[in-house]
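Throughout, my numbering is defined as the position within the sequence shown, counted from one, plus 827. Okay, so here's the structure we're looking at.
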Amino acid sequence: DIRSVAIVGLAGGTAARQAAAFFPRVERITGWEIDPDVLEVGYRYFGLGDIGPLHAVVADGRVGLQQDANHYDLIIVDAYRPPYIPAHLATREFFALVRARLTPRGVVAINVGRTPQNRILVDTLHATLASVFPTVYGMDVPETYNTVLYASPRAIAQPRQNLWRHAQRLARERAHPGLVMAVYNAARYPSPPPGPGWVLTDDRAAIEVLTDRLVVDYILHSP
């Protein structure tokens, strides 16, 4: 039962609009966007002001989350521009902050880029999340080069089976079809077991090196 959502990287408000539609009981959506011009475009052309529970803030997402004392049922990290990731939004310290802002049953969701041959970013973000959260689960979005990583402060023994049960329950309750499909797909398309990955920290976040390696690998293996 999602009542509060935080979005790091609000942009034009797509994630906020989906959250308002998927979770009819949501009371608060807080979104941080570092670029005021992006927010202006969102308000002018994409109906950002029509998302009732949304509170949009011009700020770096990590700074905004640090200054916000509220707790959230869902935190979406959408500030990545695949394959490039701001280093300060990919470290153990950042994810520790995210965990501190989650409710006990909360979840964080992060979209990460990859290629068919190279999952180094996914594996590294998985390892970094796992250094903070007891449960990390990945879904390979079908027909894309994206993986969504979910992490929870709860220890969930069988996350995939848990997702199947939630999808069936949501279907019975006639929840928003988009939400039912999202949960169903998360259960249907699990990521393969992660390979070895670095744990990124504020003083050792070589995310640019990993990203450059991913880009070069994609160029070399593209048809």
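Note that beta-carbon positions come from the ideal geometry of N, C-alpha and C, so glycine has one too. Predicted model only: the values in this text are computed from it and were never measured.
Of all Cβ atoms in chain D, is any one closer than 7 Å to the Cβ of Pro1021? The structure shown contains no chain D, having only a single protein chain.
Cβ of Val835 within 7 Å of Cβ of Val884? In the sequence shown, counting from the first residue as 1, residue 835 sits at position 8. In the sequence shown, counting from the first residue as 1, residue 884 sits at position 57. For Val835 and Val884, no; Cβs fall outside 7 Å.
Beta-carbon separation of Asn945 and Asp1044 under 7 Å? Translated into the one-based positions of the sequence shown, residue 945 becomes position 118. Translated into the one-based positions of the sequence shown, residue 1044 becomes position 217. Yes, they are a contact pair.
Pull up the CB-CB distance for Arg919 and Leu1027, whole angstroms please, since I reckon it's below 8 Å. Locating residue 919 in the sequence shown gives position 92, where the first residue counts as 1. Locating residue 1027 in the sequence shown gives position 200, where the first residue counts as 1. Confirmed, Cβ separation roughly 7 Å.
Does the stretch 859-871 come close enough to the stretch 917-937 to have 3 or more Cβ pairs within less than 8 Å? no
Since His898 and Thr930 are thought to touch, with beta carbons under 8 Å apart, how far apart are those beta carbons, to the nearest angstrom? One-based indexing of the sequence shown puts residue 898 at position 71. One-based indexing of the sequence shown puts residue 930 at position 103. So it is a contact: roughly 5 Å between Cβ atoms.
Any contact of the stretch 843-853 with the stretch 871-887, i.e. 3+ C-beta pairs under 8 Å? yes
Does the separation of the CB atoms of Tyr1016 and Pro986 fall below 7 Å? Working through the sequence shown from its first residue, we reach residue 1016 at position 189. Working through the sequence shown from its first residue, we reach residue 986 at position 159. Cβ distance not < 7 Å, so Tyr1016 and Pro986 don't count as in contact.
Following the continuous alpha helix (DSSP H) through Asp864, name the residue where it begins and the one where it ends. Looking up residue 864 in the sequence shown gives position 37. Pro863 to Tyr872 is the extent of the alpha helix (DSSP H) around Asp864.
Please classify Ala1033 as buried or exposed, where buried requires at least 16 neighbouring CB atoms within 10 angstroms. Residue numbering aside, residue 1033 sits at position 206 when the sequence shown is read from its first letter. It is exposed - the Cβ of Ala1033 has fewer than 16 other Cβ atoms within 10 Å.
Along the chain, where does the alpha helix (DSSP H) that runs through Trp991 open and close? Here residue 991 refers to the residue found at position 164 when the sequence shown is read from its first residue. First-last of the alpha helix (DSSP H) with Trp991: Pro986 to Arg999.
Assign Tyr872 to one of two classes, buried (16 or more other C-beta atoms within 10 Å of its C-beta) or exposed (fewer than that). Within the sequence shown, residue 872 is the residue found at index 45, counting from 1. Looking at its Cβ environment, which holds fewer than 16 other Cβ atoms inside 10 Å, Tyr872 is exposed.
Among Ile902, Leu916 and Arg928, the one whose alpha carbon lies nearest that of Asp895: Translated into the one-based positions of the sequence shown, residue 895 becomes position 68. Measuring from the Cα of Asp895, the nearest candidate turns out to be Arg928.
Under 8 Å, with one C-beta from each stretch per pair, do the stretch 947-960 and the stretch 1007-1024 reach the 3-pair mark? yes
Looking at C-alpha atoms only, which residue of Met1008, Ala984 and Ile983 is the closest neighbour of Gln995? Counting from one through the sequence shown, the residue named residue 995 turns up at place 168. Of the candidates Met1008, Ala984 and Ile983, the one whose C-alpha sits nearest the C-alpha of Gln995 is Met1008.
Taking 7 Å as the threshold (C-beta atoms), are Met966 and Val959 in contact? In the sequence shown, counting from the first residue as 1, residue 959 sits at position 132. In the sequence shown, counting from the first residue as 1, residue 966 sits at position 139. Taking 7 Å as the Cβ cut-off, Val959 and Met966 do not qualify as a contacting pair.
Using the C-alpha atoms, what's the distance from Leu990 back to Thr942? Here the question's residue 942 lines up with position 115 in the sequence shown. Here the question's residue 990 lines up with position 163 in the sequence shown. Thr942 and Leu990: Cα-Cα distance of roughly 25 Å.
In the DSSP assignment, what residue or residues form a beta bridge with Ala822? The structure shown has nothing for residue 822, since the chain only spans 828 to 1050.
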